[in-house]
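**Q**
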Amino acid sequence: MNEFGGNWTDAKIEILVEYAKAYLTIMNKYADRFGWNLLYFDGFAGSGSITKGNDENKKVILGAAKRILEIDEPRSFDEYYFVEKDTHNAQELKSSISSTNKKVYVVNEDCNAKIHSMGQFLKSSKGKNRKVLAYIDPCGMQLNWNSLTSLKESNVDAWILVPTGMGVNRLLKKDGKISEAWIEKLETFLGMSRTDILSNFYNQSEVITLFGEEKVTTKTEKAVEKSAEIYKNRLNELFKHVTEPYILKNSSNSIMFHFFMVSNNRNAVKIANQIINKYNN
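Those letters in the sequence shown? Residues 1134 to 1414, by this note's numbering.
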């Protein structure tokens, strides 16, 4: 069982489920007519259940995988592909959904590899008739930018959780002295060179000291918001349309994540934005 988050854990799942129902309502009108096969892909599927709160006030909620599996009206997906790297969680998920009669795959592998494989498949002759709703919901910076590039120009609507405050901002040290391991992590996650990362998030100025002029490096203000803006712009290089984000904050009102939906379909993003606006307000 996964342990995670505050009320925004509930909210992002509700956003996903509401969108999935709208997606399936539309697809119900066209899928059979055009011979489309509908695939749901979850890159960080977890165990199927999420525990919230402390020992005195615990609450267990259904994870996204089970919530999506519950949708039957106006139709369900044709196939479900759940990826979970943690062996115990993958086994728990597989066991908990074993009674379903739907076509479900639970794969105990790394999400990045499976996203790349899916991207290649969707570009093949066998994958051309697939329409995909993807949910990519890492708790940290496990998603590599190169993985997302494989989905460019594909028939995918993807919800992506970006750890702007929880991940990116924590690696951006105030004085700019970032360890080699952390700068490499930022490069892999953002798909940017260290030069571009440093120029986007830091400013250099010269100050007069007792010993003459010295260069001082300062971190840009609102680095969390800046990282969200940069990531959104990067997503727009891969997909024609990107939503405004649902902003996830902790109990101290600090931004932890930004939740985006991307698609090559304008109407899909219009619907997603309407749902996001409801929850942001």
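Beta carbons: idealized from backbone N, C-alpha and C, even for Gly.
#1: By how many angstroms is the C-alpha of K1236 removed from the C-alpha of L1172?
#2: Is it true that the segment 1288-1298 meets the segment 1381-1400, where meeting means three or more beta-carbon pairs spaced less than 8 Å apart?
#3: When the Cα atoms are used, what is the spatial distance from A1144 to Y1412?
#4: Give the straight-line distance between the Cα atoms of T1353 and A1267, rounded to the nearest whole angstrom.
#5: Starting from N1170, trace the beta strand (DSSP E) both ways and give me its first and last residue.
#6: Measuring straight from C-alpha to C-alpha, what distance separates K1191 and K1359?
#7: Among R1367, N1161, F1372 and G1300, whose alpha-carbon lies nearest the alpha-carbon of D1211?
#8: Among the residues of its own chain, which have a CB less than 8 Å from the CB of E1445, if the five just before and after it don't count?
#9: Helix or strand or just coil, what does DSSP make of I1404?
#10: Can you tell which of H1374, F1174 and L1276 has the C-alpha that lies nearest to the C-alpha of Y1238?
#11: Considering only DSSP beta bridges, list what D1270 is partnered with.
#12: Where does Y1163 land, buried or exposed, given buried means 16+ other C-beta within 10 angstroms?
#13: Are the CB atoms of A1197 and I1404 nearer to each other than 8 Å?
#14: Buried or exposed for F1334, going by 16 or more other Cβ atoms inside 10 Å?
#15: What residue from P1207, I1380, S1387 and Y1214 has the CA that sits closest to C1244's CA?
#16: Quick check: L1202 and T1233, are their CB atoms within less than 8 Å of each other?
#17: Determine the direct distance from the alpha carbon of L1284 to that of I1248, and round the result to whole angstroms.
#18: Quick check on the DSSP output: what are the complete beta strand (DSSP E) runs of length 3 or more inside the segment 1183-1258, in order along the chain?
**A** In short, the structure shows the following:
#1: 10 Å
#2: In the pairwise beta carbon analysis, the segment 1288-1298 is classified as touching the segment 1381-1400: at least three pairs are separated by under 8 Å.
#3: When only Cα atoms are considered, A1144 and Y1412 end up about 7 Å apart.
#4: 33 Å
#5: N1170 to D1175
#6: The predicted model places K1191 with a pLDDT of 48, which falls under 50 and marks its position as unreliable; any figure quoted below should be read in that light. C-alpha separation (whole angstroms): 35 Å.
#7: N1161
#8: The chain is shown from 1134 up to 1414; residue 1445 falls before or after that span and cannot be answered.
#9: helix
#10: F1174
#11: None, per the DSSP bridge assignment.
#12: exposed
#13: no
#14: buried
#15: Proximity to C1244 across P1207, I1380, S1387 and Y1214 peaks at Y1214, based on C-alpha coordinates.
#16: yes
#17: Cα-Cα distance, rounded: 8 Å.
#18: 1192-1195, 1212-1216 and 1237-1240
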